[in-house]
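Undergrad: Count along the sequence shown from 1, add 96, and you get the number used in this note's numbering.
Ideal Cβ positions, reconstructed from N, Cα and C, are used throughout, including at glycine.
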Amino acid sequence: GESESFVKTCIKYQIDCYLLPSIAGLESTFGKFIWPNSYNAFGWDRGYMMFSSWTEGIDTVGQGLRNGYLDNGALTVEDIGPIYSESPTWAVRVNYFIDQFKKEEAKMTLLSDQFPVQL
């Protein structure tokens, strides 16, 4: 998977590490419904922009969110939504995915606390 690319990008551009995968979840069902070989899981440029790889797509959209949204005062999903999408429910739906990721992280943390790995 591309989890490493997502993590590197969120650190590089100082954005919430759940934001990009959540946008991909909403915009393309995590890359399942995209233009063939576009590597654009984010609906970036209305979904028409083509990237040469998942890593390039993730980095480009991360940079775009930092430079075009966050640095211009759109700091929350609710701020980003009306700029990113015409849909009035975009932010609510992105937040749904963010919440799902947070719940999964909480479960993993709980399990790791209950069953610590000993080397």
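Just the C-alpha distance for N163 and T205, rounded to the nearest angstrom, thanks.
TA: In the sequence shown, the residue the question calls residue 163 occupies position 67. In the sequence shown, the residue the question calls residue 205 occupies position 109. Their backbone Cα atoms lie some 32 Å apart in a straight line.
Undergrad: Measure the Cβ-Cβ separation of F126 and Y135 and say whether it is below 8 Å.
TA: By one-based count along the sequence shown, residue 126 stands at place 30. By one-based count along the sequence shown, residue 135 stands at place 39. No; because the gap between Cβ atoms is not below 8 Å, this pair is not in contact.
Undergrad: Quick check on C106: does DSSP put it in helix, strand or coil?
TA: What you label residue 106 is simply residue 10 of the sequence shown in a count that begins at 1. Helix.
Undergrad: Suppose only complete runs of 4+ residues qualify. What are the alpha helix (DSSP H) ranges in the segment 139 to 210, listed by chain order?
TA: 150 to 164, 173 to 180 and 186 to 210
Undergrad: Using 8 Å as the threshold, is the C-beta distance between D167 and T105 below it?
TA: Taking the sequence shown and counting its residues from 1, one reaches residue 167 at position 71. Taking the sequence shown and counting its residues from 1, one reaches residue 105 at position 9. No.
Undergrad: In whole angstroms, give me the CA-to-CA distance for I130 and G160.
TA: Working through the sequence shown from its first residue, we reach residue 130 at position 34. Working through the sequence shown from its first residue, we reach residue 160 at position 64. Approximately 19 Å, taken between the alpha carbons.
Undergrad: State the Cα-Cα distance for the pair N133 and L207, rounded to the nearest angstrom.
TA: The residue labelled residue 133 in the question sits at position 37 within the sequence shown. The residue labelled residue 207 in the question sits at position 111 within the sequence shown. When rounded, the distance between both Cα atoms is 37 Å.
Undergrad: For the alpha helix (DSSP H) that A120 lies in, which residues bound it at each end?
TA: In the sequence shown, the residue the question calls residue 120 occupies position 24. Note, A120: alpha helix (DSSP H), L115 to S124.
Undergrad: Sort E98, G121 and S101 by Cα distance to D195 and report the nearest one.
TA: Counting from 1 along the sequence shown, the entry for residue 195 is found at position 99. Comparing Cα-Cα distances from D195 to each of E98, G121 and S101, the minimum goes to G121.
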